[in-house]
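A.B. asks:
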Amino acid sequence: MTAVKFLAMLCLIILVALLVVYLYKDSIGKNKSEKAEKKSPAKKVRNPLDNSPTELVNAPVLFIRLPGHKKYLHYEMKKTPLTIGTAKNADLRIIEDEKVQPHHAKIQKVTDKGRSYYVFINLAKTNPSEYRNKASKSKNYEVMDYKDSQELDKEENFYIGDTKIMIKTPVGTHDHTDTDKMKAKPGKRSDAQDGAEGTKRAAAGKRAEAAANEEVTNKEMDRTRSRRTYQEVREEEIDIRNTDPYKFDV
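The opening position of the sequence shown corresponds to residue 217 in my numbering, with each subsequent residue numbered one higher.
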């Protein structure tokens, strides 16, 4: 009987010891998990709009013809300034033309005295950029001085080395509309006057809104025609990327 009690007591002690070990192990795992959570930095929620690119207004479109070729490459300016050359950090790399320098030229947006426009700036000394002067009678290409700049009109033509660059730039700003003329008039008025004036303002507002919508529609149609024009050019001329392995890095 004594032996049975001893065995029972021994089993009870073993069970208690196992239970203590199990609970202690679970507590250690929980503490480690809490410490790991405290050490690990909190995850930041990224706003998808933080790094959204800003589209340039009236951004120039470049048509590039490499030496020895008849067709053009198409490049839309996405940032300012846009650097052109053979350097690895150039935004527009032209490495097939050996006469192009590492930092040959750049296109930059300028805002000055109520105007916003783009300029082509020559940065080459050994082989300066050439500009087709439309104002001259001959309309020939002229050599640009170092850091000489040329304001971009609707269409301009340049040579950097033996590479021709035709630049088309949309020109224009937002137009004045009837909604810009609406102003509040100070002074006390009777209820009847206020009611009549309110009716007039509502009618004027509807007319202005209709005019603004019509103007927006016309502008959208103009933009669509412009995009169609560029699309036609791309389909007819700008197709060498898919046919020949030119070393043109964009």
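Note that the Cβ used here is the ideal one computed from N, Cα and C, for glycine as well.
1) Would you report the Cα separation of I300 and K315, rounded to the nearest angstrom?
2) Quick check on the DSSP output: what are the complete beta strand (DSSP E) runs of length 3 or more inside the region 284–312, in order along the chain?
3) Assuming E371 contacts V335 (C-beta within less than 8 Å), just tell me the rounded distance between them.
4) Report the three-state DSSP secondary structure of E358 (helix, strand or coil).
5) Helix, strand or coil: which one does DSSP assign to L278?
6) Can you tell me whether DSSP reads S321 as helix, strand or coil?
7) With a 10 Å radius around its C-beta and 16 neighbouring C-beta atoms as the bar for buried, classify G377 as buried or exposed.
8) Does the count of Cβ pairs from the region 329–344 and the region 306–314 closer than 8 Å reach three?
9) Out of F279, L298 and G284, state which residue places its alpha-carbon closest to the alpha-carbon of H290.
10) Hey, N373 and K363: beta-carbon distance below 8 Å or not?
11) Pick out whichever of A303, D328 and Q324 has its Cα sitting closest to the Cα of K295.
12) Straight-line CA distance for K350 to A424?
13) Residues in its own chain within less than 7 Å of P283 by CB, not counting five upstream and five downstream?
14) Tell me the DSSP secondary structure of E367 in three-state form.
15) Pick out whichever of L272, A303 and R281 has its Cα sitting closest to the Cα of E292.
16) Would you grab the beta carbon distance between E346 and V359 for me? Rounded to a whole angstrom, and I think it's under 8 Å.
17) Apart from the five residues just before and just after R281, which ones in its own chain have a Cβ nearer than 6 Å to its Cβ?
18) Grab the span of the beta strand (DSSP E) containing N338 for me, first residue to last.
19) Alpha carbon to alpha carbon, how far is R444 from L298?
20) Would the beta-carbon of P318 fall within 8 Å of that of K384?
21) Do you know whose CA, among S354, I337, Y357 and G330, lies nearest H320's CA?
C.D. replies: Checking against the coordinates, here is how it stands:
1) 13 Å
2) 289–292, 298–301 and 308–310
3) Not quite, the Cβ-Cβ distance comes to about 15 Å (not below 8 Å), so this is no contact.
4) Looking at E358 - three-state DSSP - the assignment turns out to be strand.
5) Correct three-state label for L278: strand.
6) The amino acid at residue 321 is misidentified as Ser; the sequence shows Ala. Note: A321 maps to strand in three-state DSSP.
7) buried
8) no
9) Relative to H290, the option among F279, L298 and G284 whose CA is nearest is F279.
10) no
11) Q324
12) 41 Å
13) D313, D378 and T379
14) In this structure, E367 counts as strand in the three-state DSSP scheme.
15) L272
16) 6 Å
17) Y288 and K380
18) R331 to N338
19) Bear in mind that a pLDDT of 42 at R444, under 50, signals an unreliable position, so the model cannot answer this.
20) no
21) I337
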